[in-house]
Amino acid sequence: MRDLVRRRLDFDFDPSVVPRDWYHGDAHLTTFWTALSLLFPEGERFFVESVRRYRGRIEDPELRAAVDGFIGQEAMHGRAHRAFNEMVRERGLGVAGPAEAQVRRLLDLARATLTHRGQLAATCALEHFTAILAEQLLQTPEHRDAGHESVRGMWVWHALEESEHKAVAYDVYQAIGGGYARRVAVMLLTTAFFFGEVAFVHGRLLHAQGRLGDVRGWARALAYFWGRPGLFRKLAPAYLDYFRPDFHPDDRDTRATLAAWRERLFGAQGELRDRWRMEPAA
Ligand SMILES: [Fe+2]
Ligand SMILES: [Fe+2]
Numbered sequence: 357m358r359d360l361v362r363r364r365l366d367f368d369f370d371p372s373v374v375p376r377d378w379y380h381g382d383a384h385l386t387t388f389w390t391a392l393s394l395l396f397p398e399g400e401r402f403f404v405e406s407v408r409r410y411r412g413r414i415e416d417p418e419l420r421a422a423v424d425g426f427i428g429q430e431a432m433h434g435r436a437h438r439a440f441n442e443m444v445r446e447r448g449l450g451v452a453g454p455a456e457a458q459v460r461r462l463l464d465l466a467r468a469t470l471t472h473r474g475q476l477a478a479t480c481a482l483e484h485f486t487a488i489l490a491e492q493l494l495q496t497p498e499h500r501d502a503g504h505e506s507v508r509g510m511w512v513w514h515a516l517e518e519s520e521h522k523a524v525a526y527d528v529y530q531a532i533g534g535g536y537a538r539r540v541a542v543m544l545l546t547t548a549f550f551f552g553e554v555a556f557v558h559g560r561l562l563h564a565q566g567r568l569g570d571v572r573g574w575a576r577a578l579a580y581f582w583g584r585p586g587l588f589r590k591l592a593p594a595y596l597d598y599f600r601p602d603f604h605p606d607d608r609d610t611r612a613t614l615a616a617w618r619e620r621l622f623g624a625q626g627e628l629r630d631r632w633r634m635e636p637a638a
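So, in structure tokens, the structure goes:
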């Protein structure tokens, strides 16, 4: 976890190449991932802010270096998702702009109402979401390969780095003396707001496509997420793990998975090697 590399990758997404329903050929499932993408740039800015604020108070040089790696990785994710979101707008979903502005307002509300510690706890909660989702994507070909090849690389790279830096915000929270009660209370609050926001953005995107009332599409998506293959159903135990008092993100050992993916994406014959502008660690 400690050797976090800030990989600068150049992605451009051509709306004439990326299929409209690029995930599983399904409008509703595609919209779920698109909604997540619309949340990422602002969300990741919030994560960076809430962790960077404490950088000067961290005495462990290894953790301080990990914070720098975390900041560098999240900044790159924001950049890639902005390019992705631009493609979404270009293909006529102008509602993406107002949806992003609304995410910004929600995060401004979090900035105004939560203490700095609370904001860091919210980041830990959201980093737990991205970590467990990333683990599923990396370990389950069915979930991963349902994404069209024109966009898959970006999502897999993001998943790899979310898993690589999954413990950084949490370790900072512990290092500054963050406690259990705040951590789980903020997790409950964050869960409600996060799923509410994803559902709202999802609904807006479907509405803009005239597909909000497509009951069969909704039923198919629900079955996919909660039935088979059951992306969310399978995430439930990992989500609940966070409520253990002695929880730590590294309890889930993903080192072998990450090593395999680093090789597959960025090794000598790596799938994304040609997109990678190598830079020293941040
Ligand atoms: Fe990220
Ligand atoms: Fe992250």
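Each residue of the sequence shown is one higher than the one before, counting from 357 in the numbering used here. Ideal Cβ positions, reconstructed from N, Cα and C, are used throughout, including at glycine.
Setting aside the 5 residues that flank it on each side, residue 439 is surrounded in the same chain by 367, 368, 369, each with a C-beta closer than 7 Å to its C-beta; the list follows chain order.
Counting only runs of 3 or more residues that sit fully inside the region 415-477, no beta strand (DSSP E) segment turns up. Between residue 547 and the set 596, 500, 372, 496, the nearest pair of CA atoms involves 596. Within its own chain, the residues whose Cβ lies closer than 6 Å to the Cβ of residue 434, once the five positions on either side in sequence are excluded, are 397, 400, listed in chain order.
Residue 365 has 632 as its beta-bridge partners, per DSSP.
Remark: three or more beta-carbon pairs, one from each stretch, lie closer than 8 Å, so the region 401-409 and the region 417-430 are flagged as touching. Around the beta-carbon of residue 485, 16 or more other beta-carbon atoms lie within 10 Å, marking it buried. Shortest gap from the CB of residue 518 to any heavy atom of ligand 2: under 6 Å.
Taking 7 Å as the cut-off, the Cβ atoms of residue 500 and residue 493 count as close. Taking the C-beta atoms as reference points, residue 394 is found nearer than 7 Å to residue 441.
Residue 377 holds the alpha-carbon nearest to the alpha-carbon of residue 449 among 418, 377, 551.
It is roughly 8 Å from the alpha-carbon of residue 625 to the alpha-carbon of residue 619. Residue 534 carries a coil assignment under DSSP once its states are collapsed to helix, strand and coil. The shortest C-alpha to C-alpha distance from residue 471 to any of 418, 592, 498, 539 is the one to 539.
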